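Asks:
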Amino acid sequence: MKSRNLIIIVLVILAIAPQVLPTFQITLLNYIGLYALVVLGLVLLTGVGGMTSFGQAAFVGLGAYSSAYLTTTEQLPSWLAWSAGSPWVGLLIGLLLTAAVALFLGALTLKLSGHYLPLGTIAWGISLYYLFGTMSSMGGYTGISGLPSLSLFGVLLDKGEKIYYLIWTILMVAVWITSNLLNSREGRAIRALKGGQLMAESMGVNTFRSKMVIFLISALFAAISGWLYAHTQRFVNPTPFGLSMGIDYLFMALVGGVGSVWGALLGAGILTMLKQWLQDWLPLVMGGNGQYETIVLGLLIIFMMQRSPGGIWPLLVKLAPASWRKQNHIKITSSAAELPRRDLPQKGKLILEACNVTRRFGGLVANNQMNLKLHAGEVLALIGPNGAGKSTMFNQLSAVDTPSDGEILFLNQSLKGKSSRQVAHMGMSRTFQHVKLLTTMTVLENVALGAHMRGNKGIISSALHIEREEEQRLLKEAQYQLERVGLGEHLYTEAGSLSLGQQRILEIARALCADPCVLLLDEPAAGLRHKEKQALAELLKKLRQEGLAILLVEHDMDFVMNLADRIVVMEFGEKIAEGLPEEVQSNPAVLEAYLGGAE
Amino acid sequence: MNFQIATLLGQDGLTNGAIYALLALSILLVFTVTRILLIPLGEFVTFGALTMAAMQMGKTPKLEWLLLGLVLIDCALDIYQQIKRHIDRNKMKMVALKLGYAVIIIALLNNLSLSEIPMIAQIALTLCLIVPIGPIIYRLFFQPLADAPALVLLIVSIALHVTMVGVGLLLFGPEGARTQPFSDTGFRLGAVLLKSQTLWVILVSIFLIVALFIAFERTLYGKALRATAVNRMGARLQGISPIFAGKATFALAAFIGSASGILIAPITTLYYDSGFIISLKGFVGAIIGGLVSYPIAAIGAVAVGMIEAFSMFWASNYKEIIVFTLIIPFLIWRSMNSHNVEDDE
Amino acid sequence: MTQATEKNLLDISDLHVAYGKVEALTGIDLTLKEGNLVTVIGPNGAGKTTLLSAIMGILPSKGTIHFNGQDFICPNVETLVGHGLGLVPEKRELFSTMSVQDNLLLGAFQRYRRGDKSYDQTLNEIYKLFPRLWERRQQQAGTLSGGERQMLAIGRAMMSKPKLLMLDEPSLGLAPLITREIFRIFADLRSQGVSILLVEQNARAALKVADYAYVLEGGQIAMQGPAAELANDPKVIEAYLGLASKHQELLSS
Numbered sequence: 007m008k009s010r011n012l013i014i015i016v017l018v019i020l021a022i023a024p025q026v027l028p029t030f031q032i033t034l035l036n037y038i039g040l041y042a043l044v045v046l047g048l049v050l051l052t053g054v055g056g057m058t059s060f061g062q063a064a065f066v067g068l069g070a071y072s073s074a075y076l077t078t079t080e081q082l083p084s085w086l087a088w089s090a091g092s093p094w095v096g097l098l099i100g101l102l103l104t105a106a107v108a109l110f111l112g113a114l115t116l117k118l119s120g121h122y123l124p125l126g127t128i129a130w131g132i133s134l135y136y137l138f139g140t141m142s143s144m145g146g147y148t149g150i151s152g153l154p155s156l157s158l159f160g161v162l163l164d165k166g167e168k169i170y171y172l173i174w175t176i177l178m179v180a181v182w183i184t185s186n187l188l189n190s191r192e193g194r195a196i197r198a199l200k201g202g203q204l205m206a207e208s209m210g211v212n213t214f215r216s217k218m219v220i221f222l223i224s225a226l227f228a229a230i231s232g233w234l235y236a237h238t239q240r241f242v243n244p245t246p247f248g249l250s251m252g253i254d255y256l257f258m259a260l261v262g263g264v265g266s267v268w269g270a271l272l273g274a275g276i277l278t279m280l281k282q283w284l285q286d287w288l289p290l291v292m293g294g295n296g297q298y299e300t301i302v303l304g305l306l307i308i309f310m311m312q313r314s315p316g317g318i319w320p321l322l323v324k325l326a327p328a329s330w331r332k333q334n335h336i337k338i339t340s341s342a343a344e345l346p347r348r349d350l351p352q353k354g355k356l357i358l359e360a361c362n363v364t365r366r367f368g369g370l371v372a373n374n375q376m377n378l379k380l381h382a383g384e385v386l387a388l389i390g391p392n393g394a395g396k397s398t399m400f401n402q403l404s405a406v407d408t409p410s411d412g413e414i415l416f417l418n419q420s421l422k423g424k425s426s427r428q429v430a431h432m433g434m435s436r437t438f439q440h441v442k443l444l445t446t447m448t449v450l451e452n453v454a455l456g457a458h459m460r461g462n463k464g465i466i467s468s469a470l471h472i473e474r475e476e477e478q479r480l481l482k483e484a485q486y487q488l489e490r491v492g493l494g495e496h497l498y499t500e501a502g503s504l505s506l507g508q509q510r511i512l513e514i515a516r517a518l519c520a521d522p523c524v525l526l527l528d529e530p531a532a533g534l535r536h537k538e539k540q541a542l543a544e545l546l547k548k549l550r551q552e553g554l555a556i557l558l559v560e561h562d563m564d565f566v567m568n569l570a571d572r573i574v575v576m577e578f579g580e581k582i583a584e585g586l587p588e589e590v591q592s593n594p595a596v597l598e599a600y601l602g603g604a605e
Numbered sequence: 077m078n079f080q081i082a083t084l085l086g087q088d089g090l091t092n093g094a095i096y097a098l099l100a101l102s103i104l105l106v107f108t109v110t111r112i113l114l115i116p117l118g119e120f121v122t123f124g125a126l127t128m129a130a131m132q133m134g135k136t137p138k139l140e141w142l143l144l145g146l147v148l149i150d151c152a153l154d155i156y157q158q159i160k161r162h163i164d165r166n167k168m169k170m171v172a173l174k175l176g177y178a179v180i181i182i183a184l185l186n187n188l189s190l191s192e193i194p195m196i197a198q199i200a201l202t203l204c205l206i207v208p209i210g211p212i213i214y215r216l217f218f219q220p221l222a223d224a225p226a227l228v229l230l231i232v233s234i235a236l237h238v239t240m241v242g243v244g245l246l247l248f249g250p251e252g253a254r255t256q257p258f259s260d261t262g263f264r265l266g267a268v269l270l271k272s273q274t275l276w277v278i279l280v281s282i283f284l285i286v287a288l289f290i291a292f293e294r295t296l297y298g299k300a301l302r303a304t305a306v307n308r309m310g311a312r313l314q315g316i317s318p319i320f321a322g323k324a325t326f327a328l329a330a331f332i333g334s335a336s337g338i339l340i341a342p343i344t345t346l347y348y349d350s351g352f353i354i355s356l357k358g359f360v361g362a363i364i365g366g367l368v369s370y371p372i373a374a375i376g377a378v379a380v381g382m383i384e385a386f387s388m389f390w391a392s393n394y395k396e397i398i399v400f401t402l403i404i405p406f407l408i409w410r411s412m413n414s415h416n417v418e419d420d421e
Numbered sequence: 072m073t074q075a076t077e078k079n080l081l082d083i084s085d086l087h088v089a090y091g092k093v094e095a096l097t098g099i100d101l102t103l104k105e106g107n108l109v110t111v112i113g114p115n116g117a118g119k120t121t122l123l124s125a126i127m128g129i130l131p132s133k134g135t136i137h138f139n140g141q142d143f144i145c146p147n148v149e150t151l152v153g154h155g156l157g158l159v160p161e162k163r164e165l166f167s168t169m170s171v172q173d174n175l176l177l178g179a180f181q182r183y184r185r186g187d188k189s190y191d192q193t194l195n196e197i198y199k200l201f202p203r204l205w206e207r208r209q210q211q212a213g214t215l216s217g218g219e220r221q222m223l224a225i226g227r228a229m230m231s232k233p234k235l236l237m238l239d240e241p242s243l244g245l246a247p248l249i250t251r252e253i254f255r256i257f258a259d260l261r262s263q264g265v266s267i268l269l270v271e272q273n274a275r276a277a278l279k280v281a282d283y284a285y286v287l288e289g290g291q292i293a294m295q296g297p298a299a300e301l302a303n304d305p306k307v308i309e310a311y312l313g314l315a316s317k318h319q320e321l322l323s324s
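Protein chains in written order, with this note's numbering: chain A, 7 to 605; chain B, 77 to 421; chain C, 72 to 324.
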């Protein structure tokens, strides 16, 4: 059975559910749908983007309160008088307001690192909650009642089984949009946020923009859920928008499976049902009528985190027969047009130059007065014993780090003040010493990320999948580069399951996908088998032939000596030798650096 | 606002600030040593306060069941692990000791007439009841996650908070409680009237902070905890196990938390769920200290107490909003100064 | 040179370490007799640090590690420290915001816990061995120079009175003069009967002080023998400078 058929079955079941279920169950399903919409945003934000938010409930509140206020107030502002308290205008205003607040909070908090972001969301989550409670025009803690029901195409959605269809239709559209977005150029950039930001920036991705986009989408999903909630209940007060609900939303995402779109639905379902069931039974067991279900839910989450931090959905996927699991990969049509290529500089032209580069860390001088030149059509190797300062030099050459003194010129422009993203746009591409791949994505997707800046279709066309032609071109390019480096058979393999050697080769394919004029390779031969090293050397020779400038930092001397045109040797942060491989090998200073002083 | 009101507000601010400072310090301690943001610290505060209140009303605090349950689970795990590998005489002795301790505490709680014993004995019993819960919680919930990413630790911390609030409701009920002040007299300092409990809170807080300082500066065990915070791998190579460090810091946190609860119980009515907002204010202090600096965290926490007290006067409805919005500029400032290249590894 | 007893202090057989699917070490056999100084040399990336980390229990491994009369299979770090194994890691791992003296004292943490109060005497011995550390005892470890840090790391490891001291690249990043001094200390320690496993890139210096040497290449032991013999073996130089292929070319032509 294909996953598509499965989805159709689920949709059919959802469509007939209100006809057969009792009202109470439908109400429960409505809640599940409303929660799932918020949780879907969290999947995008936390599961995919790696940003934890406890504040989603506040956005639900913004959506709910905007519409509640506009549809019930006696004194509508004159510029809104035409709306006559329509909930649809309430929705529009609510979305605009939420977007504005989210943009503001995002600008403030999305740059926060580590623990600061979740703590920040707790802070504004609480603040907004208290704000709902203290503003007297919003009814204070008693709230606003008497909201109108929604009506759509003249049908009044005043009953649970009627609004059910609206809730679930919106949810399904949101699921569709989210899946589309994740399977696109923008989606790859978003999926790189979790654990690959440094890499993504050096592939030309604006990671802050990607963060903001998913933050905004998740806030808007939450606001729509709040609007639906307000007009289903026809009553709002601050309680459902407090921090404890924000925590619940996150728990739902974690229980269901924070990494996948369907996990949102599953989590919202399981937790809502479980809570209902516990609320019915626990007081009978424990006596009294406190909210004892929180004890069970809390322990459940802890158990889950200890045993299966990925949630329930991945477990289900593992249980499902292999034929259900098979993913439909986008076919690459060979007719897609090729992406335009950059004209490479003439061979022998100076591409990259370090002039008297000194880098200090506190009192430590990691690089002292380093000079080197890299020309088009040349392989330059930077070698030296451990701790010689090669990595520091490499970081400065790739604009990750800035020299304390001296400067680095790339195509005659100083790299001072340039980000690695800007440098990537100028035509520099690199690999990493510790391979930086998105291990759960396919090899093809990883490499296509390299071509990020060669496409320009944005979020909306991605969400609606109307950018498929460009996507084809990008994927075709990725496929071409993969075939070129010899990974053509592994297009749809998960990148994490490749051997380390293949992963390093993949990084080179990804770097090439950016269509660079200079390639910086950080220990490309480490962990490769002999055959693989030979193949890599052949590939690099071919690239050199085409006119690329290649700089490599490498430990494997055999590899370096057979490949490099020139070699720069470093020790204690300084250049101790430079020249042809044979010259370097017989240089006594080099011998001493590697083997220690001969007394 | 006149001088009279200002001194009153100042006293309130200082009292709350001192408590927040204590909490901020234990939050920092736990975080630097174990990477865990101890959100449930506030529950130790309420447990401490409500246990004291129960004793003063002559009731046996039901928290004893939590201690007994946790000790039983803990010992059962100990025995299970030993059966799986080999039986170690010393460890079996430890199991017997732990069980014995729990039994003695429970026996004391059930046989003393709790409302009549001196307050100092009530305090000692409360601490003896709550402090051991800290290390057991570490062992059951966090020890299996020693290598987990920070996010997972945070989630477990939040889930633990949710659970403990539920447990608090189960054991103490929904009613709030207040305890008798440590002493009755007030002091007059010139024109200023000082409430005696205020003085107690400030003095005890200062004493605890100084004691902590000495413990961490002068003793090798204290230094070992600091060492774990500075460099985990370095500490492991000296044989300082992260498990030891984790249990020790959780014991300290439970101690400071419940002590804070005992201190403020005569001033404010606490409910089973009051701890969260109190510990969050400790967090604001800790964040102002950048989650690294103890003195700045303490000063920040006192400032939070002051701002809270004075905003109570000018804009009482917006008190919480002001306190929690305050944190955002600090977050940004800290985030900009923190040197992070990539925190994904 | 003192006579080494015949007892094997450390005996490793068929040790494998893998990072994910990639094997970093394959089938390492290594023996160290009590009182000996054994060195493991080899080019960058040969797996030297991995070897020490596996012995210390920092990395999971397959195979048996026999140390001081006991077998350990994938042990944990703290247990091994308790049994008398000390490691000076490549990154030093000092407590940078604590004083030099505190760093040293923490080295004796296990002894303190066991109730062994004689660590003050060891502290004095270490100050005698490294007078520089005595001068800087109140300074924060983070303010020390590279050589001093290395001394502190060695001193800290010695505070636990280890039966076997393992050192990972002690000469890394040190100027030649200081390297010489550090190696002189190893020779001293060895003559006092401390067993040492020394991992070094600086092959010449290491071979000079060691009794026995292993050459690690590509995660396997490529050569072994008494240090004095390996010191003059041209193959060692080739392994380092990538001359092996040249050699083959010369032979074939």
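Ideal placement from N, C-alpha and C gives every residue a C-beta, glycine not left out.
Nothing here was measured: the structure is a model prediction, and the numbers come from that model.
Would you mind telling me which residues of chain B sit closer than 9 Å to A/Thr58, beta carbon to beta carbon, in chain order?
Replies: Correct list: Leu227, Leu230, Ile231.
Asks: Should the segment 357-364 of chain A be called in touch with the segment 407-424 of chain A, which here means at least 3 C-beta pairs below 8 Å?
Replies: The answer is yes - the segment 407-424 of chain A touches the segment 357-364 of chain A, with three or more Cβ pairs under 8 Å.
Asks: Let me check one thing: in DSSP terms, what residues is A/Met607 bridge-paired to?
Replies: Since the displayed chain A opens at 7 and closes at 605, residue 607 of chain A lies outside it and no answer follows.
Asks: Classify A/Asn36 as buried or exposed, calling it buried when 16 or more other Cβ atoms lie within 10 Å of its own Cβ.
Replies: A/Asn36 should be labelled buried.
Asks: Once the 5 residues before and after A/Gly248 are set aside, which same chain residues still bring their CB inside 6 Å of it?
Replies: Around A/Gly248: Tyr135.
Asks: Excluding the 5 residues flanking A/Asn377 on each side, which residues of the same chain have their C-beta closer than 7 Å to its C-beta?
Replies: So the qualifying residues of the chain are Ala360, Cys361, Asn362, Lys581.
Asks: Could you check the C-alpha separation between C/Tyr283 and C/Met294 for me, to the nearest Å?
Replies: About 11 Å.
Asks: Measuring alpha carbon to alpha carbon, tell me which residue in C/Gly218, C/Tyr190, C/Ala89 is nearest C/Arg203.
Replies: The shortest Cα separation from C/Arg203 among C/Gly218, C/Tyr190, C/Ala89 belongs to C/Gly218.
Asks: Between B/Ile228 and A/Met311, what straight-line distance do the alpha-carbon atoms span, to the nearest angstrom?
Replies: What sits at residue 228 of chain B in the sequence shown is Val, not Ile. Those two C-alpha atoms are separated by around 7 Å.
Asks: Could you tell me which chain C residues have their CB closer than 8 Å to the CB of B/Leu245, listed as they occur along the chain?
Replies: Residues of chain C passing the Cβ test: none, with the nearest at roughly 40 Å.
Asks: Would you say A/Asn392 faces chain C, with C-beta separation under 8 Å as the test?
Replies: Interface residue, yes.
Asks: So with CB distances below 7 Å, who are the chain A contacts of B/Arg410?
Replies: In chain order: Tyr122.
Asks: Between which two residues does the alpha helix (DSSP H) harbouring A/Lys41 extend?
Replies: The sequence given here has Tyr at residue 41 of chain A, not Lys. Element bounds for A/Tyr41: 29-48.
Asks: In chain order, what residues of the same chain have a beta carbon less than 6 Å from the beta carbon of C/Val111, not counting five sequence neighbours either side?
Replies: Once the five neighbours on either side are set aside, the close Cβ partners of C/Val111 are Lys119, Val270, Tyr285, Leu287.
Asks: Going by DSSP, what residues sit across from A/Ile150 in a beta bridge?
Replies: A/Ile150 is bridged to A/Val242.
Asks: Assuming the contact rule is C-beta atoms closer than 8 Å, A/Arg197 and A/Met576 should be a hit. Round their C-beta distance to whole Å, please.
Replies: Not a contact, Cβ separation roughly 37 Å.
Asks: Looking only at C-alpha atoms, which of A/Arg240, A/Val323, A/Ser224 sits nearest to A/Leu272?
Replies: If we check each option's Cα against that of A/Leu272, A/Val323 comes out closest.
Asks: From the beta carbon of B/Tyr96, is the nearest beta carbon of chain A less than 8 Å away?
Replies: So no, B/Tyr96 is outside the interface.
Asks: Could you name the residues of the same chain whose beta carbon sits closer than 6 Å to that of A/Leu3, not counting the 5 residues immediately before and after it, in chain order?
Replies: No answer is possible for residue 3 of chain A: the residues shown for chain A start at 7 and end at 605.
Asks: Rounded to whole angstroms, what's the CA-CA distance from B/Val368 to B/Ser102? Just pull it up for me.
Replies: Whole-angstrom Cα-Cα distance: 12 Å.
Asks: Rounded to whole angstroms, what is the Cα-Cα separation between C/Gln319 and A/His536?
Replies: Residue placement at C/Gln319 is flagged as unreliable, the pLDDT there being 42, under the threshold of 50; the coordinate-derived value follows with that caveat. Distance between the alpha carbons of C/Gln319 and A/His536: 15 Å.
Asks: So which residues of chain B does C/Glu149 contact, with C-beta pairs closer than 8 Å?
Replies: In chain order: Arg312, Gly315, Ile316, Ser317.
Asks: C/Thr135 and C/Asp142 look like a contact to me (Cβ under 8 Å); what is the Cβ gap, rounded to whole Å?
Replies: Yes, they are in contact, since the Cβ atoms of C/Thr135 and C/Asp142 sit about 6 Å apart, within 8 Å.
Asks: For a test of the three-state rule: what should DSSP assign to A/Lys482, helix, strand or coil?
Replies: Reduced to three states, the DSSP call for A/Lys482 is helix.
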